[in-house]
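Quick note on this note's numbering: the sequence shown kicks off at 1 and runs consecutively.
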Amino acid sequence: MCLILFRFDPSCEHALIAAANRDEAYDRPTARADYWNEQPGILAGRDLEAGGSWLGLNQSGRFAALTNYREGRAAPHQGPSRGQLVSDFLSTELSPEDYLNQLERNGQQYAGFNLLVGNARELWHFSNRSPGPQQLAPGYYALSNGQFDAPWPKALHGKAQLQACIEQGAEEEHLRRILLNEQVFKDGLPDTGVGEELERLLSPLFIRSSHYGTRSSSLVYLGKEQFDFYEYNYPYGELGQPDRRHFQHRF
Numbered sequence: 001m002c003l004i005l006f007r008f009d010p011s012c013e014h015a016l017i018a019a020a021n022r023d024e025a026y027d028r029p030t031a032r033a034d035y036w037n038e039q040p041g042i043l044a045g046r047d048l049e050a051g052g053s054w055l056g057l058n059q060s061g062r063f064a065a066l067t068n069y070r071e072g073r074a075a076p077h078q079g080p081s082r083g084q085l086v087s088d089f090l091s092t093e094l095s096p097e098d099y100l101n102q103l104e105r106n107g108q109q110y111a112g113f114n115l116l117v118g119n120a121r122e123l124w125h126f127s128n129r130s131p132g133p134q135q136l137a138p139g140y141y142a143l144s145n146g147q148f149d150a151p152w153p154k155a156l157h158g159k160a161q162l163q164a165c166i167e168q169g170a171e172e173e174h175l176r177r178i179l180l181n182e183q184v185f186k187d188g189l190p191d192t193g194v195g196e197e198l199e200r201l202l203s204p205l206f207i208r209s210s211h212y213g214t215r216s217s218s219l220v221y222l223g224k225e226q227f228d229f230y231e232y233n234y235p236y237g238e239l240g241q242p243d244r245r246h247f248q249h250r251f
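Below, the structure written as structure tokens:
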């Protein structure tokens, strides 16, 4: 996952509304969102190369989402897959705080990541490139591939669009269209060590290139008694009619 826009407010009907894009190499094997055969309580897409996920829920209303932390052109990491953290949280009964406190003790074995975990009552963030877990106050947030809520242009733009959309009713298609923005930002780009040309290529909310780009979008509406989860898959970054999947579950 490379961009997560979200509003968290436990006092609302939908405590969590999230809109997210997953960017990945086009040829990396991936399974679309579904309930997992060996862990039927987990609903998530799946990276078939490393076995993990980037965003998912379980049947009791737990939520997890992950972004990679961009750290230049570093050598491939030899530790465990970060994507396993999503399914780990969804399969445990630990509270979000206890899970992240446990993860903090061995988080450095993973390549850099941001992890959101929670439910309709509480939402937490942890990065192994920042000090300690933090519980999030109600509000609007954007998480990309750097520090939490860092003012990257696409994050600022997406967060403003998300807030406007939610204030107007948070309709599914309006939320999805926020994620389809291909505007290339030229100013205010981060320096993550990949060079100016690549920073610019990675600056849109929806990324397209010859071999890498936005593979799917996800929408989550999570309340105290029900969630709705939408996934849209874009083969090779094509914005034609996406493969749309919708899951609704009461708990």
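A virtual CB, placed ideally from N, CA and C, is assigned to each residue, including glycine.
Segment limits, beta strand (DSSP E) that includes residue i
i, result
"residue 243", "243-250"
"residue 68", "63-68"
"residue 24", "16-25"
"residue 50", "Taken as a continuous stretch (DSSP letters only), residue 50 belongs to no beta strand (DSSP E), as it is neither H nor E."
"residue 9", "Premise fails: residue 9 is in no beta strand (DSSP E) and is neither H nor E."
"residue 28", "First-last for residue 28: undefined, no H or E at that position."
Per-residue DSSP class, three states only, for residue i
i, result
"residue 45", "strand"
"residue 57", "strand"
"residue 3", "strand"
Local Cβ density within 10 Å of residue i, reported as buried at 16 or more and exposed below that
i, result
"residue 43", "buried"
"residue 112", "buried"
"residue 20", "buried"
"residue 320", "No answer is possible for residue 320: the residues shown for the chain start at 1 and end at 251."
"residue 236", "exposed"
"residue 161", "buried"
"residue 179", "buried"
"residue 70", "buried"
"residue 119", "buried"
"residue 11", "exposed"
beta-carbon residue i near the ligand ATP non-hydrogen atom, thresh 8 Å
i, result
"residue 127", "Absence of the ligand ATP from the depicted structure is noted, as is the absence of any ligand whatsoever, leaving it without description."
Segments assigned alpha helix (DSSP H), at least 4 residues, entirely inside the segment 167-236
Taking 4 residues as the minimum length, the alpha helix (DSSP H) runs contained wholly in the segment 167-236 are 172-178 and 196-201, in order along the chain.
Can you check the segment 76-149 for any alpha helix (DSSP H) of at least 4 residues that lies completely inside it and give the ranges in chain order?
Those alpha helix (DSSP H) runs which fall completely within the segment 76-149 and span 4+ residues are 84-91 and 96-106.
Three or more C-beta pairs under 8 Å: does that hold for the segment 54-65 against the segment 84-96?
Contact holds: three or more Cβ-Cβ distances are below 8 Å.
Assess, as a yes-or-no matter, whether the segment 203-222 is touched by the segment 26-42 under the definition of 3 or more beta carbon pairs within less than 8 Å.
In this structure the segment 26-42 touches the segment 203-222; the number of beta carbon pairs closer than 8 Å is three or more.
Assess contact between the segment 219-233 and the segment 181-195, defined as three or more Cβ pairs (one per stretch) separated by less than 8 Å. Is contact present?
No, they do not touch.
Using a Cβ distance threshold of 8 Å, determine whether the segment 144-156 contacts the segment 237-251, with at least three qualifying pairs required.
Using a C-beta cut-off of 8 Å, the segment 144-156 makes no contact with the segment 237-251, since fewer than three inter-stretch Cβ pairs fall below that distance.
Three Cβ pairs or more, each shorter than 8 Å: is that satisfied between the segment 187-195 and the segment 159-177?
Touching, no.
Kindly confirm or deny that the segment 4-22 and the segment 119-129 touch, where touching means at least three C-beta pairs closer than 8 Å.
The segment 4-22 vs the segment 119-129: in contact.
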